[in-house]
Structures are given as structure tokens and as C-alpha cells.
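Structure first, commentary second.
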Amino acid sequence: MARAVPTPRAEPERIARELDWNLLRTFVVLAESPSITEGAQRLRLKQPSVSAALKRLEERIGRKLIDRSPGRYALTDAGRLLYREALEINGSVLRLSTLMRELTDEVQGHVKISVASHVVCPLFDRALAAFHADHPHATVSIDVLSSADAIAEVMAKRSSFAVCLVRDHNPRLEYRRLYREFFGLFCGPPHALFGRRDLQMSDMAGHRSVSFETDRLQDVLRPVTLMRAEAELGQKITGLSSHLEEVRRMIVAGLGVGPLPVHVAERDVRDGLLWQVPPYAGLPAIDVHVVWNEHAVKNRAEELLLARLLEAIETTPIEARTYAGSGADPGGAPGA
């Protein structure tokens, strides 16, 4: 007798019943690796075992997941879809311990925050200080990442929340504007424009520049890109980094004119390490957001710190969360 073909309803039930989580975990590692060999090394398994595991997963899913033709190793459409879902499942499994915790009167959980490198926000700092004062046995770790990587960590449920720039809103995540900052252009002591108070926009033309990796028309710092274009800085970017500290280092070293948040650069301007150059008015505004995943199971520490931060946002007008930017003295301290 011929075997019955599973009905559409029965097929998902069969996959749910037969799918082994270890196969999904193996697939997540393979999807993030450039080859089966490197994936096997990361898993600390032999390559034949990993290849066999991938084959079993493809048989149970009923789709080819990785194109392994000669000279090619890439996820198929089905593989990309499964990777996206498996990443979330992986995050949920890793956080299962939060469901097993003992409820006590004392908050002892850990909060992992992913933060973009340029975040300077007194409101955020006050929320951290108040949280620690109320819950001294809770612990916090802060990873400095690019904004895209910070959001990816939240999406994968590996971070409690992120504080970063946002280009596109993912419907699976929640967003709240934390503060607004303004970017200006600066140069360092070795630069020919340093110390000049008579600068005009025309003086900027042709000078070399340094900037952030997201300083592109299609990325989160598009307004900064337009400001550099308006200043007619040279097309060639001499230095590039995703970390504010390294962009600042290159500006101070004289590699070129570069953008920085005005309120962040203020102290260096006072100390004679940076000099603000045109434009001085109409500076581009950039919003920094708190991003979190409502679908991630949170421990009590995570819930309390996030709630405290969101409450601080709700009870503080945006004007008080807008840091420096317009009306800077030419060549003087930003926002002075």
C-alpha cells in the first residue's frame, strides 16, 4: 500500500515532532561560518559528523538549506528563512534558565546591554546609577558594537536591550527614542584649519576627511554624509571606523576633518584637542534609541532596569533629552 502523503496540517506537526534541537543548533553555527570545515571546528566536531547532521536536517525539513556546489557555500532561500527562525529559537533556549530561577526578595540577575560607541547620555547614566543603588547585587555588562550588530544581538535574544542608532524598524522589536544629538565637523591640532576663527564654508573644500562606517547615503548617518557633501570635503575618506573613539583619535591626529556629536566633543574642544569648523548652524540631528525584544524572556534585573529607563524617557521632555547642537561659537566650545 502506498504511503499517505502528509496533509498541510500534518506536515508542520511532523516537523515539530521529529525535529531535533541539536540539528538546529548545528545549522545556526554552519549558517554563520564560511564553510563546513570551519563550522565543524567551531562546534568541536568532525566534519563528516557535521555534514551528516546537515543532511538529516535537510531531509526532515524537506528543503536544501545550504548550496554546497563546487566553489560555493551559501544559504538557500529556505536556509535564510530557517536561520532567521532558528536564531530566535536559539536565543530562547539559551535564556531558559531565567524561567527556572528562584524568586527571592533580592534582585540578583544579570543585564547585558549592547551600546553604540558614541552614546553619551546623562539620562541613561542616571538610570544605571539609580538601578544599582536599588539592586546592588544585580550585575551589568555593556558591549560596544556597531548599531547594526547591537540590534542583531537584541533580535537573537543575546542582549537585554540596545542603545543605538536605528535605520529601519523591525516589526519584531520595540523602539523608544532615548535622546537626540547633533553632529558637527572637527579637526585636530596638526590640521591647517585648527585654531582659525575666520573660517567660512568655502574654506572646507577639498580637505581630507575621516568618518564612521555608517556615514553613507543609504545608512543611519545619511544626514552627516550630506553635511560633509555640503562642506565640499574631498571625496577620499582618509580614515574610517565604527567606533567613535577611533574616529576621534584620527581627527586629533590630523588625518582629516571628521564628524562627532557636538556634546561629546565639547570637552576636547575646551582642552585644545579638537577645533570645530563650518558649518556652525543647521547641524544634522541624529536620534539614539533604546531597542528591546518583547518576545525575549527577561530576568527580574532586566525587567527592572529596562522599565526604569523607559519611565525616565516618558517623564523627561524631549527638549531635556536633546544635547547641544545649534548656536555653537565658531571655533569655540560647541553649544557655548
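By the count of my numbering, the sequence shown reaches residue 361 at its end, each step adding exactly one. Backbone N, C-alpha and C define an ideal beta-carbon position, used for all residues, glycine too.
Classification of residue i by the beta-carbon crowding that lies within 10 angstroms, buried from 16 upward
i: Ile343; result: exposed
i: Ser227; result: exposed
i: Lys261; result: exposed
i: Tyr348; result: buried
i: Trp46; result: exposed
i: Pro59; result: exposed
i: His314; result: buried
i: Val249; result: buried
i: Thr239; result: buried
i: Asp223; result: exposed
i: Pro286; result: buried
i: Lys323; result: buried
i: Asp193; result: exposed
i: Ala345; result: exposed
i: Gly104; result: buried
i: Asp159; result: exposed
i: Glu291; result: buried
i: Leu82; result: buried
Simplified DSSP assignment, three categories, for residue i
i: Gly283; result: strand
i: Leu49; result: helix
i: Val277; result: helix
i: Lys137; result: strand
i: Gly231; result: coil
i: Leu334; result: helix
i: Leu79; result: helix
i: Gly264; result: strand
i: Leu128; result: Below a pLDDT of 50, predicted positions are generally treated as unreliable, and Leu128, at 49, falls in that range; the measurement from the model is reported next regardless. Reduced to three states, the DSSP call for Leu128 is coil.
i: Ser172; result: helix
i: Val30; result: At Val30 the pLDDT is 43, less than 50, meaning the model places this residue with poor confidence; the figure from the coordinates comes in the next sentence. Coil.
i: Asn115; result: helix
i: Pro342; result: coil
i: Gln72; result: helix
i: Ala56; result: helix
i: Val179; result: helix
i: Gly259; result: coil
i: Leu106; result: helix
For residue i, the first and last residue of its enclosing beta strand (DSSP E)
i: Gln301; result: 300-302
i: Leu210; result: 199-212
i: Val165; result: 164-169
i: Ala310; result: 310-317
Cross-strand partners of residue i (DSSP beta bridge)
i: Phe219; result: Its beta-bridge partners do not exist; DSSP assigns none.
i: Tyr348; result: Glu206
i: His194; result: Note: His194 sits in no beta bridge, so no partner.
i: Phe186; result: Ile138
i: Ala99; result: Asp92
i: Phe237; result: Ser266
Contact under 8 Å by Cβ, residue i with residue j
i: Leu269; j: Gly213; result: no
i: Pro284; j: Ser236; result: yes
i: Leu49; j: Ile114; result: yes
i: Arg325; j: Gly116; result: no
i: Ala65; j: Lys71; result: yes
i: Ser142; j: Asp168; result: no
i: Ser234; j: Val282; result: yes
i: Trp317; j: Phe207; result: no
i: Arg333; j: Ala152; result: yes
i: Pro215; j: Gly279; result: yes
i: Leu330; j: Arg201; result: no
i: Met229; j: Ala256; result: yes
i: Leu106; j: Gly209; result: no
i: Leu148; j: Thr341; result: yes
i: Met180; j: Leu203; result: no
i: Val136; j: Val165; result: yes
i: Ile311; j: Phe211; result: no
i: Ser74; j: Ile61; result: no
i: Val245; j: Val289; result: no
i: Ala154; j: Leu100; result: no
i: Ser267; j: Ser184; result: no
i: Val54; j: Leu68; result: yes
Residue span of the alpha helix (DSSP H) that contains residue i, given as start and end
i: Asp150; result: 147-159
i: Pro248; result: 247-255
i: Ile61; result: 61-68
Interface flag, residue i vs chain C, CB-CB below 8 Å
i: Pro59; result: Although the question refers to chain C, the structure presented lacks it and comprises just one protein chain.
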